[in-house]
Amino acid sequence: GYFLNNIAQLLAVICISRMWKSLGRSYY
Numbered sequence: 001g002y003f004l005n006n007i008a009q010l011l012a013v014i015c016i017s018r019m020w021k022s023l024g025r026s027y028y
């Protein structure tokens, strides 16, 4: 439970950071 939750959170953070990077690239 806790470990899987941790992995899911980590993946979500990586996905969001990548999305923000691509958004910033297209924005600037």
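full-length UniProt numbering applies: residue 1 is where the sequence shown begins, and numbers increase by one.
Glycine is no exception: its CB is placed at the ideal position from the N, C-alpha and C atoms.
Residue i to residue j, Cα distance in whole Å?
{"i": "A8", "j": "K21", "result": "20 Å"}
{"i": "L4", "j": "G24", "result": "30 Å"}
{"i": "G1", "j": "L10", "result": "14 Å"}
{"i": "C15", "j": "N6", "result": "14 Å"}
{"i": "S17", "j": "S26", "result": "14 Å"}
{"i": "A12", "j": "M19", "result": "10 Å"}
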